[in-house]
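For the protein sequence lines, the chains are A and B, in the order given. Count along the first sequence starting at 1, add 269, and that's the number in the working numbering. Count along the second sequence starting at 1, add 124, and that's the number in the working numbering. Comments concern the structure below.
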Amino acid sequence: MRLEVKQLDFGYRDKRVGSGVSLSLEAGEVLCLLGPNGSGKTTLFKTMLGLLPAQGGTVLVDGADLKSRAREEVARLVSYVPQAHAAFFPFTVEEVVLMGRTAHLGVFSSPSRRDREAALSAIARMQIEHLADSVYTRISGGERQLTLIARALAQDARIVVMDEPTANLDFGNQVRVLQHIQALARSGIGVLLSTHDPDHAFICADRVVMLHDGKRMRMGAPDEAITAASLRELYGVSVEVTRIETESGVRRTACIPLLQREPGLTRWRVQ
Amino acid sequence: MTSARVPAALAGACAALVLLVVVAFAVGRFPVSAADLASILWTHLTGAEHGLDPTIETVVLRIRGPRVAAALLIGAALAAAGAAYQNMFRNPLVSPDILGVSAGAAVGAVLGIFLSLNVIMIQSLAFAFGLAAVGLVYVTANAVRGHDPLLVLVLAGVVVGSLLGACVALMKYLADPYNQLPAITFWLLGSLASASPDDVWSTLPLMLLGLIPMWLLRWRINLLSLDDEEARALGVETGRIRLVVIAAATLMTSAAVAISGVIGWIGLVMPHFARLLVGPDFSRLLPTSILLGAGFLLGVDTLARTVARIEIPLGVLTAFVGTPLFLWQLATARRGWQ
Numbered sequence: 270m271r272l273e274v275k276q277l278d279f280g281y282r283d284k285r286v287g288s289g290v291s292l293s294l295e296a297g298e299v300l301c302l303l304g305p306n307g308s309g310k311t312t313l314f315k316t317m318l319g320l321l322p323a324q325g326g327t328v329l330v331d332g333a334d335l336k337s338r339a340r341e342e343v344a345r346l347v348s349y350v351p352q353a354h355a356a357f358f359p360f361t362v363e364e365v366v367l368m369g370r371t372a373h374l375g376v377f378s379s380p381s382r383r384d385r386e387a388a389l390s391a392i393a394r395m396q397i398e399h400l401a402d403s404v405y406t407r408i409s410g411g412e413r414q415l416t417l418i419a420r421a422l423a424q425d426a427r428i429v430v431m432d433e434p435t436a437n438l439d440f441g442n443q444v445r446v447l448q449h450i451q452a453l454a455r456s457g458i459g460v461l462l463s464t465h466d467p468d469h470a471f472i473c474a475d476r477v478v479m480l481h482d483g484k485r486m487r488m489g490a491p492d493e494a495i496t497a498a499s500l501r502e503l504y505g506v507s508v509e510v511t512r513i514e515t516e517s518g519v520r521r522t523a524c525i526p527l528l529q530r531e532p533g534l535t536r537w538r539v540q
Numbered sequence: 125m126t127s128a129r130v131p132a133a134l135a136g137a138c139a140a141l142v143l144l145v146v147v148a149f150a151v152g153r154f155p156v157s158a159a160d161l162a163s164i165l166w167t168h169l170t171g172a173e174h175g176l177d178p179t180i181e182t183v184v185l186r187i188r189g190p191r192v193a194a195a196l197l198i199g200a201a202l203a204a205a206g207a208a209y210q211n212m213f214r215n216p217l218v219s220p221d222i223l224g225v226s227a228g229a230a231v232g233a234v235l236g237i238f239l240s241l242n243v244i245m246i247q248s249l250a251f252a253f254g255l256a257a258v259g260l261v262y263v264t265a266n267a268v269r270g271h272d273p274l275l276v277l278v279l280a281g282v283v284v285g286s287l288l289g290a291c292v293a294l295m296k297y298l299a300d301p302y303n304q305l306p307a308i309t310f311w312l313l314g315s316l317a318s319a320s321p322d323d324v325w326s327t328l329p330l331m332l333l334g335l336i337p338m339w340l341l342r343w344r345i346n347l348l349s350l351d352d353e354e355a356r357a358l359g360v361e362t363g364r365i366r367l368v369v370i371a372a373a374t375l376m377t378s379a380a381v382a383i384s385g386v387i388g389w390i391g392l393v394m395p396h397f398a399r400l401l402v403g404p405d406f407s408r409l410l411p412t413s414i415l416l417g418a419g420f421l422l423g424v425d426t427l428a429r430t431v432a433r434i435e436i437p438l439g440v441l442t443a444f445v446g447t448p449l450f451l452w453q454l455a456t457a458r459r460g461w462q
């Protein structure tokens with residue numbers, strides 16, 4: 270199972286947002302999309318999912334053009350986790366997760382007991398069983414994010430596209446979401462996520478793609494793609510990227526933003 | 125919403141409905157006791173003799189019966205259509221009026237009265253104009269692109285509705301003030317006084333024709349209350365399903381307006397109450413809304429023909445009863461749509 274984008278032009282009817290973007294994602298892999306506000310991350314995702322028409326280029330889902338597939342078929346192959354949002358009606362968490370089963374139901378059918386079991390097991394996988402009967406509109410932002418990921422799991426697609434899954438979450442919930450993303454990849458699901466924090470790419474991504482002004486800037490392994498130079502180009506700020514080792518022996522690369530306008534005056538060293 | 129409360133709520137609503145039906149027959153200028161009602165209905169079904177005054181039979185089968193049946197049908201239809209519209213427009217404050225349906229049907233019926241057509245023609249015109257109004261709203265909304273499609277649809281409904289309102293005003297202005305104007309005014313205020321068995325039998329299939337797709341699509345209708353893109357990402361062809369549900373709800377609303385005139389508030393308030401009772405899942409919301417709508421309109425119609433010496437227009441009474449109910453609801457329980 271492979272999600273592939275070739276020379277994609279995307280945007281809205283009267284506004285081109287990005288052009289010529291190519292990337293691909295295999296099941297079992299985590300691909301992290303980095304880009305500043307307004308660089309077109311969400312628009313790219315929506316176009317890849319067929320929610321917006323592509324203005325040029327192609328999206329291939331499991332080898333076939335997205336346009337040739339029915340909505341339900343796409344939904345069975347690729348699921349989408351939008352940014353946690355307010356819902357309009359007070360559905361319970363279980364009902365929201367159950368909505369993920371829709372692509373597996375006939376047009377006139379309602380979820381069966383097996384669908385309910387699938388929803389409950391997705392809820393259990395996200396460790397939010399205690400929320401199952403809670404009303405979605407009355408839980409916290411972090412809990413909503415976990416609910417939406419559970420819904421994507423219930424959808425049972427091999428690839429999950431997540432739009433800023435860590436946005437607006439507190440530190441603990443961000444770490445929890447990253448843990449879940451890693452666990453999903455280990456279970457054979459491909460995850461494409463966007464984030465504002467390059468450190469998240471170091472924590473959980475196999476590859477990184479950078480989007481700048483609607484164009485692909487770089488793509489590669491996190492250690493190759495995320496450098497002081499590329500972050501400066503992407504975000505226009507000075508950053509140091511350094512290898513760190515904690516006292517307990519955890520080694521990781523991390524980004525240290527420099528607040529000085531002119532780099533070189535004072536340097537923070539973490540070693 | 126715990127699922128244990130749902131059967132209890134539905135059973136309570138059913139019991140209240142049966143009680144309301146008995147009361148509706150019992151009150152009025154010619155009271156019919158529950159025992160008489162039961163024996164007449166029983167003998168009507170079995171063909172046996174009941175041995176009661178034939179006047180009672182006439183009251184039950186020809187006068188009060190059709191009226192009770194029409195009240196139940198129309199209340200149910202308006203509430204079901206309202207529940208569907210509210211889910212589709214993700215807004216608990218919309219009602220069948222939102223797409224100009226009621227206004228369109230009103231124009232059709234008023235035109236029929238204005239042209240002194242017979243009852244069947246009036247009903248057909250109401251129905252045709254109701255559908256035409258929705259068609260116009262839908263085409264307008266599709267022509268205007270680049271905005272939130274739902275917002276455009278609602279705005280188009282408001283604009284088309286006010287245009288149709290002007291058409292009604294024009295016809296009232298031109299109508300014969302002695303015959304037609306009272307008829308038009310009376311009809312616009314809403315009434316079930318003239319409901320006949322034929323009205324009921326001709327409306328019933330239309331109501332079912334609207335209700336069946338709504339019930340079959342009940343799970344997908346839940347997903348229409350999500351963001352459009354989100355629903356599509358979950359595998360729902362939102363455009364097609366929305367079209368079917370709008371057509372079904374419009375059919376039910378027009379059919380109701382054609383026999384009863386414009387009765388507001390039910391499509392707005394009843395689904396809202398139903399949601400508070402059983403939660404937003406459409407497979408529970410639809411039957412609950414139908415029970416509440418049917419009971420509410422029957423109760424209000426019983427009041428309309430009994431509280432005063434003259435009959436009070438239904439549209440007036442539903443607004444008088446519905447407004448305080450809705451305001452009380454708004455003030456005490458926000459949880460229904462927060």
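From the three backbone atoms N, C-alpha and C, an ideal C-beta is built for every residue, glycine too.
Taking a contact to mean a Cβ-Cβ separation below 8 Å, would you say residue i touches residue j in this structure?
i, j, result
"A/Glu366", "A/Ala388", "Residue 366 of chain A is actually Val in this sequence, not Glu. For A/Val366 and A/Ala388, yes; Cβs fall inside 8 Å."
"B/Asp160", "B/Ile180", "yes"
"B/Thr426", "B/Ala137", "no"
"A/Val510", "A/Pro526", "no"
"B/Ala227", "B/Ala250", "no"
"A/Ala494", "A/Arg487", "yes"
"B/Ala398", "B/Leu421", "no"
"A/Val347", "A/Thr416", "no"
"B/Pro146", "B/Ala135", "Residue identity differs from the one stated: residue 146 of chain B is Val in this sequence, not Pro. No, they are not a contact pair."
"B/Val225", "B/Thr374", "yes"
Examine chain B for any beta-carbon lying closer than 8 Å to the beta-carbon of residue i, and answer yes or no.
i, result
"A/Thr371", "yes"
"A/Gln424", "yes"
"A/Phe279", "no"
"A/Lys315", "yes"
"A/Met270", "no"
"A/Phe360", "yes"
"A/Pro526", "no"
"A/Phe357", "yes"
"A/Tyr349", "yes"
Measure the C-alpha to C-alpha separation of residue i and residue j and round it to an integer number of angstroms.
i, j, result
"A/Val478", "A/Leu277", "14 Å"
"B/Leu165", "B/Val184", "8 Å"
"B/Leu144", "B/Asp177", "24 Å"
"B/Ala69", "B/Pro216", "There is simply no residue 69 of chain B to check, as chain B begins at 125 and stops at 462 in what is shown."
"A/Leu515", "A/Phe471", "According to the sequence provided, residue 515 of chain A is Thr. The question's Leu does not apply to it. Spanning the two alpha carbons is a distance of roughly 15 Å."
"A/Gly489", "A/Ile458", "19 Å"
"B/Ala140", "B/Val424", "14 Å"
"A/Asp492", "B/Leu358", "35 Å"
"A/His373", "A/Glu398", "23 Å"
Given that a residue counts as buried once 16 or more other Cβ atoms are within 10 Å of its Cβ, and exposed if not, what is residue i?
i, result
"A/Val460", "buried"
"A/Val274", "buried"
"A/Arg520", "exposed"
"B/Pro220", "buried"
"A/Gly483", "buried"
"A/Pro467", "buried"
"A/Phe314", "buried"
"A/Glu364", "buried"
"B/His271", "exposed"
"A/Gly441", "exposed"
"A/Leu500", "buried"
"A/Glu386", "exposed"
"A/His449", "buried"
"A/Thr535", "Bear in mind that the predicted position of A/Thr535 carries a pLDDT of just 43, short of 50, making it unreliable; the figure below should be weighed with that in mind. That one is exposed."
"A/Phe377", "exposed"
Below 7 Å, is the gap between the Cβ of residue i and the nearest heavy atom of the ligand SAM?
i, result
"A/Val376", "By its list of ligands, the structure shown contains no ligand whatsoever, and the ligand SAM lies outside what it can speak to."
Check the Cβ-Cβ distances between residue i and every residue of chain A, and say whether any is below 8 Å.
i, result
"B/Ser349", "yes"
"B/Ala137", "no"
"B/Asn346", "yes"
"B/Asp405", "yes"
"B/Arg408", "no"
"B/Val151", "no"
task: Say whether the stretch 201-208 of chain B touches the stretch 378-391 of chain B, bearing in mind that this needs 3 or more beta-carbon pairs closer than 8 Å, one atom from each stretch.
output: Taking 8 Å as the limit for Cβ pairs, the verdict is that the stretch 378-391 of chain B does touch the stretch 201-208 of chain B.
message: So, does the stretch 316-329 of chain A touch the stretch 320-327 of chain B, judging by three or more C-beta pairs under 8 Å?
response: Touching, no, given that fewer than three Cβ pairs across the two stretches are closer than 8 Å.
- request: Answer yes if the stretch 435-455 of chain B comes into contact with the stretch 367-386 of chain B, meaning at least three C-beta pairs across the two stretches below 8 Å, and no otherwise.
  value: Touching, yes, given that three or more Cβ pairs across the two stretches are closer than 8 Å.
- prompt: Can at least three beta-carbon pairs, one atom from the stretch 357-369 of chain B and one from the stretch 353-366 of chain A, be found at a separation below 8 Å?
  reply: Between the stretch 357-369 of chain B and the stretch 353-366 of chain A, the count of Cβ pairs shorter than 8 Å is below three; the stretches do not touch.
message: Under 8 Å: do the stretch 435-445 of chain A and the stretch 403-415 of chain A share three or more Cβ pairs, one atom per stretch?
response: Three or more pairs of CB atoms, one per stretch, sit closer than 8 Å, so the stretch 435-445 of chain A contacts the stretch 403-415 of chain A.
- request: Decide if the stretch 327-338 of chain B is in contact with the stretch 302-318 of chain A; the criterion is three or more beta carbon pairs, one per stretch, under 8 Å apart.
  value: Flag = no, the stretch 327-338 of chain B and the stretch 302-318 of chain A do not touch.
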